[in-house]
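What follows is a single structure, written as structure tokens, with notes after it.
Residue numbers (this note's numbering), protein chains in the order written: chain A, 4 to 449; chain B, 728 to 1361.
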């Protein structure tokens, strides 16, 4: 304990960046565990763990025997050293692959701490990657999303974002805005020298900026859909077969184990994946069939679920007759008639299914997928902004929307505010860029 | 504590005794520094290479403009002298951007250079406390870590408590005209040689900049029938509160370089020191030489040039827009290809000058060198370009040097207070890869920093420093009061859509008023004839037109200024949040390496200071603020 304290103290006193260590793989026992070490003292730490680890030959995996601080050998491991800046964090790093025993992992981490490292805080490795320019804020967010991805679409989108796909889109938009600003600033500061852009050109640039923003804003819905999934709610009269349908769909699709945002305990829900998109399937059976006095509450809850739903499966059994709404005009609901094996026939505007024979289930699934995937049409590539980005973009749009009617010096102020919003997303707008743009666009100077 | 001054002058000007302040250089920065310090009670010794070159305008025979005009007006409100000298030597006055709002008005004047420098020579000679000495300062003397004076090249020492270096383009100056390369700070003047090495020895980082100047032509050899006249303003306005009325006495001309010029230059680029590689220094992109223009904008068929008289009656004409360092014979061909200049005779050829400047971040906001107390830098040596920038910096250095000796707060202006604040802050905190010149786009508070408000913002400081008489201040105060009253009256004066009003508005302004509004609301509209509306407004009647434009201009800005002020309140509240001295920026997730290093280097004491640093973005501020407010979560 005293040793750990003094090494932290010494790193504070030395004033430089600390060397951090953490278990990179999930907690608990497993076949393998990965320990990551990053920072200026990595070499020294490596020495302490095993003299055979050679920071001088980075990016090569070697089998080494690791020791604890007392010199006792603990474990044979695969060690991969990384030399700055070619590592995840941009610093010197060491990755150790060991057996996934919690004791081994803990002992090794403590050994590193005694040798001069300290425990990493959550996300600290990624934070250093951002600090060292290995990735921007958007990509850093994507790291988290890649890790959390449970469905194909989530993985695709996160990876695209990690590889800078979204950053590129935002940078392209930012460049347009900088150019717009430069046109206006140029005409203000160099009035005498013919650096005047005509109104048409300004209008074109302005339109182009707004189009970029709108294009990105349209992907918010897609982003939410992919990251948080769609809520598909089953409603219908008692005995229309809701629970049967619920279970049937669940058994046919890939279940998602962890809870998705917005789920509540009072309703029967399950997470599953349809064609790579996460779905929360909700059964309102329990709610409807409650007896007084809970029934009123149940009805209220069902109504609440319907309000939150992205898609509603309105179920009625074949002997009931017709759907309770007009399927031709309602986008959100799918009219489903169940138990067609028993009662036969088709009903106008409704999808006939039988959970017993499997009839119509494929079509139903396709229909569900079609509706939940609709927002994805707005994406180009696999890029979509998230809610944080969306809010910042909306604010940027507010600043830009009326700009053309304003006097130049006021317009410039509004565009700068819009650029600040963009900066919040990606973190990179510099004043010098505007001047650079002015001088490359205009031949000015007396 | 005052150092007294005893001075015995021998045959070769040997000086004994100790001065309060030594100013090296008598250009625009040196003059303002000397005048400010002397008028604040310091004894000042000005060292200049030659008395004859005091107050030279080496390039453009003009002062002011957009951004630069702002600096002159602010300097004037503080009690500086440049505005007065420009007014007294001004031969043509124009206000640029006159059709736009007050925030971007750029007052400008053509000056008679000889008169300007004559005025400045007389001023220095006639000011109590100022002594001018001819000589070359070759070394800054330091003792016990503090400045104690300068040594002249001929061997004499001048002892002083503070030294202000305003060496302009003379430090290690090299002049280029084509292949001709010679040491010089300006045409016909030797450079300052030892001082650069001396500064390096003191640990200062220097870098090389360049600037250029165009040829001068003989007035009588030009054909004005082929050029367009450019007149001054119908109602010329003075810069300074010290000045009475000013008038236009000269005109300028506008010409265009034809395509032939581009061809001549392209054929001969290899003979250009710029493109031939002899010049190391970086030049300003906003003041490109004609060869720069041709290379960077090859698709432009012609470039505009302005012909400006250098004095009222003398022969020398300055060609603005034809800055160059091409060889003399090419300059002749280029110039004579311009319609109107076919028979131009050259009084002087254009040239480029390379010189040393001190890299930024080595000087504090008081312009004192952080590692050498008592040593101040001002003007072009700091990497600026322009008489106005130099004057402003010289003034700041002079005031701060004097204050450091006599006690008192000195002068430190924030970015939201003045362009001078933006200037100093940019030079002290940011990297610049070219000579720094003021543009309005550098000021994030541009709407509030127009020339119309310079005295309102700064005259009180001038009075506090003892550089502006209180009498003048009181006169100005009543003017501001009248403005305020008029603005309030406009905001509260109702315009009701009754029958007679509606008729009047429709007839005179062409608008159809439906709902009641105020005069202010009416004047804010973009779709009316502002002058006609102003003529109708009772609150404005009797006010001079210049005042009316200012009041209306501010009305139109007020909504935006308020909105942006509100947006800033969130950060405002955080401004005063102190950052603990041991705050670990390392622990702030998401900060870029650049910001991190900057924070650690500067160790800002409040978030407000942090925000001013280069590279610190709103995102970074939010992250730091977040971290500061949640230490307990550890």
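From the three backbone atoms N, C-alpha and C, an ideal C-beta is built for every residue, glycine too.
Remark: C-beta atoms of residue 103 (chain A) and residue 27 (chain A) do not approach each other more closely than 8 Å. If the five residues before and after residue 1103 (chain B) are omitted, its C-beta is found closer than 6 Å to the C-beta atoms of 891, 1094, 1095, 1124 and 1128, all from its own chain and listed in chain order.
The continuous beta strand (DSSP E) containing residue 819 (chain B) extends over residues 817-823. Proximity of chain B to residue 415 (chain A) at the Cβ level (cut-off 8 Å) is accounted for by 1168 and 1173, in chain order. In the three-state DSSP reduction, residue 772 (chain B) falls in the strand class (E or B). Those residues of the segment 388-417 of chain A placed with their C-beta closer than 9 Å to a C-beta in chain B are 408, 409, 410, 411, 412, 413, 415, 416 and 417, ordered along the chain. At a C-beta separation below 7 Å, residue 194 (chain A) has these neighbours in chain B: 793, 823 and 824. Of the candidates A:282, A:242 and A:202, A:282 places its Cα closest to the Cα of residue 235 (chain A). Restricted to the segment 782-843 of chain B, the alpha helix (DSSP H) segments that are unbroken, complete and at least 4 residues in length are 795-805 and 809-816, listed in chain order. When secondary structure is reduced to three states using DSSP, residue 1221 (chain B) falls in the strand class. Taking the Cα positions, residue 351 (chain A) is about 18 Å away from residue 243 (chain A). By the Cβ test, the segment 153-173 of chain A is in contact with the segment 386-400 of chain A, since at least three Cβ pairs between them sit closer than 8 Å.
When A:280, A:310, A:303 and A:357 are compared, the shortest CA-CA separation from residue 318 (chain A) is found for A:357. Only 1283, 1284, 1287, 1291 and 1294 from the segment 1277-1295 of chain B bring a Cβ to less than 8 Å from some Cβ of chain A. For residue 1258 (chain B), no Cβ of chain A is located within less than 8 Å of the residue's own Cβ. For residue 1000 (chain B), the uninterrupted alpha helix (DSSP H) segment begins and ends at 1000-1003. In this structure, B:980 is the residue among B:980, B:968 and B:973 with its C-alpha nearest to the C-alpha of residue 953 (chain B). Distances from the CA of residue 873 (chain B) to each of B:829, B:919 and B:929 were compared; the closest alpha carbon is that of B:929. Distance from the CA of residue 1186 (chain B) to the CA of residue 913 (chain B), rounded to the nearest whole angstrom, comes to 35 Å.
Contact check for residue 186 (chain A) against residue 205 (chain A) passes: the beta carbons are separated by less than 8 Å. Boundaries of the alpha helix (DSSP H) around residue 1114 (chain B): 1114-1133.
For a Cβ distance threshold of 8 Å, residue set 793, 824, 827, 831, 1167 and 1168 of chain B lies close to residue 191 (chain A), ordered along the chain. Taking a cut-off of 8 Å on C-beta distances, the segment 1036-1046 of chain B does not touch the segment 919-933 of chain B, as fewer than three cross pairs fall below it.
With fewer than 16 other Cβ atoms inside 10 Å of its own Cβ, residue 956 (chain B) counts as exposed. Against chain B, the CB of residue 188 (chain A) has a partner CB under 8 Å away; the residue lies at that interface. Contact between residue 321 (chain A) and residue 337 (chain A) does not hold, since their C-beta atoms are separated by about 16 Å, which reaches or exceeds 8 Å. Here the segment 798-806 of chain B makes contact with the segment 1194-1208 of chain B; the two share three or more CB pairs at distances below 8 Å. For residue 1058 (chain B), the enclosing alpha helix (DSSP H) begins and ends at 1055-1063.
In this structure residue 1223 (chain B) is exposed. Its beta-carbon is surrounded by fewer than 16 other beta-carbon atoms within 10 angstroms. Annotation for residue 277 (chain A): the continuous beta strand (DSSP E) segment containing it runs 271-277. Judged by DSSP in its simplified three-state form, residue 241 (chain A) adopts coil rather than helix or strand. Residue-level contact check: residue 1253 (chain B) touches chain A, since one or more beta carbons of chain A fall below 8 Å from its beta carbon. Under the three-state reduction of DSSP, residue 249 (chain A) is assigned to helix. Around the beta carbon of residue 840 (chain B), 16 or more other beta carbons lie within 10 angstroms, which makes this residue buried. With a beta-carbon spacing of about 37 Å, residue 128 (chain A) and residue 418 (chain A) fall beyond the 8 Å limit used to define contacts. Around the C-beta of residue 746 (chain B), 16 or more other C-beta atoms lie within 10 Å, and the residue is accordingly described as buried.
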